[in-house]
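Be aware that the sequence shown starts at 1, since it is given in full-length UniProt numbering, and climbs by one per residue. All residues carry an ideal CB built from backbone N, CA and C; glycine is no exception. Here the structure comes first, spelled out in structure tokens, and everything after it is commentary.
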Amino acid sequence: MRFDVVTLFPEMIRAAAGYGVTGRAVERGLVRLETWNPRDYARDRHRTVDDRPYGGGPGMVMKVEPLRDAIRAARRAAPASPVVLLSPQGRRLDQAGVRELAAQPGLILVCGRYEGIDERLVEAEVDQEWSIGDYVLSGGELAALVVVDAVARLVPGVLGDAESAAQDSYMEGLLDCPHYTRPEEIDGRRVPPVLLSGDHGAIRRWRRKQALGRTWLRRPDLLAGRALDEEARALLEE
Ligand code: ADE
1 MRFDVVTLFP EMIRAAAGYG VTGRAVERGL VRLETWNPRD YARDRHRTVD DRPYGGGPGM
61 VMKVEPLRDA IRAARRAAPA SPVVLLSPQG RRLDQAGVRE LAAQPGLILV CGRYEGIDER
121 LVEAEVDQEW SIGDYVLSGG ELAALVVVDA VARLVPGVLG DAESAAQDSY MEGLLDCPHY
181 TRPEEIDGRR VPPVLLSGDH GAIRRWRRKQ ALGRTWLRRP DLLAGRALDE EARALLEE
């Protein structure tokens, strides 16, 4: 999987994606990460990348030609990758969306800054527009990093066997169950005894019940319209 990120702040992308799971995936060659800086495509002496909005008003808009040329350079390098703009106007990302994006051979992720990008660029150069949630960030970089992280986890080999098995397990689509590690008691709080019992069937059922219960209490919208199997119904009634 390759990610080509069009951004005025390439160091931000490189630094953040260099840690942990994504960092290792890049090191191991499972994920390729390239950045394209519109400033490198600016032609004037000051390497200008913003301009005033037609119609007036506060704020600036990203200058058209440098951004267009950076996107086109990324396209030439990654012709099979759709161009994805990160913006609050896009489709809201969830795990089903992450799976759709992960099915692509690569993604060209375009990060806006200032008040946004010229609408003609959206029409002419952008294939998909995604939002990471209903709030406004100061730029698309953090959103692009969210996409890189969530998608890279689905690339085969990036997660270890145990981690990816947990991801496809019956808990998929539910909130996660609570986790515990040593010591058995800390500040008067104990690990739930079932987790110390060695009874793998009981542990699995307890975890599933916790996941279902938390989802029911905190995010009932995730359960709406979902057919629960017999065990799940029984666990919720216990
Ligand atoms: N850029 C600014 N806000 C954003 C958001 N919520 N999602 C994606 N990109 C953004």
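Beta-carbon gap between residue i and residue j smaller than 8 Å
i, j, result
"D115", "V64", "Reading off the sequence shown, one finds Glu at residue 115, where the question assumed Asp. The answer is no: Cβ separation not under 8 Å."
"W216", "L236", "yes"
"V21", "L159", "yes"
"V151", "L101", "yes"
"L121", "F3", "no"
"S131", "G188", "no"
"L175", "I117", "no"
Distance cut-off 7 Å: residue i Cβ against heavy atoms of the ligand ADE
i, result
"A87", "Here the sequence assigns Ser to residue 87, which means Ala is not the residue at that position. Indeed, a heavy atom of the ligand ADE lies less than 7 Å from the Cβ."
"V136", "yes"
"S197", "no"
"G140", "yes"
"I117", "no"
"I13", "no"
"A143", "yes"
"I108", "no"
"G97", "no"
"G112", "yes"
"G133", "yes"
Neighbour-count burial assignment, residue i, 16 or more Cβ in a 10 Å radius
i, result
"A143", "buried"
"T35", "buried"
"V148", "buried"
"E125", "buried"
"A178", "Rather than Ala, the amino acid found at residue 178 in this sequence is Pro. P178 should be labelled exposed."
"L33", "buried"
"S197", "exposed"
"Y41", "buried"
"L228", "exposed"
Nearest candidate by alpha-carbon position, reference residue i, set the options
i, options, result
"E238", "L228, D221, K209, G225", "K209"
"T48", "G56, R39, L195", "R39"
"E119", "L85, L8, D94, G18", "L85"
"D221", "D69, I132, S164, G173", "G173"
"E129", "D51, P53, F3, L93", "L93"
"P183", "P192, L175, D176", "P192"
"I71", "C111, A17, F9, E163", "C111"
"R153", "R99, A42, N37", "R99"
"F9", "N37, G29, M1", "N37"
"R113", "Q89, A77, D50", "D50"
"R214", "R14, H200, R45, A232", "A232"
"Y19", "L145, E123, D69", "L145"
"A74", "R43, M1, R218, V6", "V6"
"M1", "P58, A16, A78, R43", "A78"
Chain-order list of residues whose beta-carbon lies under 7 Å from that of residue i (same chain, five-residue window excluded)
i, result
"Q104", "S81, P82"
"V194", "A202, I203, W206"
Residues near residue i in its chain [Cβ-Cβ closer than 6 Å; skip 5 each side]
i, result
"M12", "E141"
"L30", "V155, G157, V158"
Own chain, CB closer than 8 Å to residue i, minus 5 neighbours either side, in chain order
i, result
"E185", "V191"
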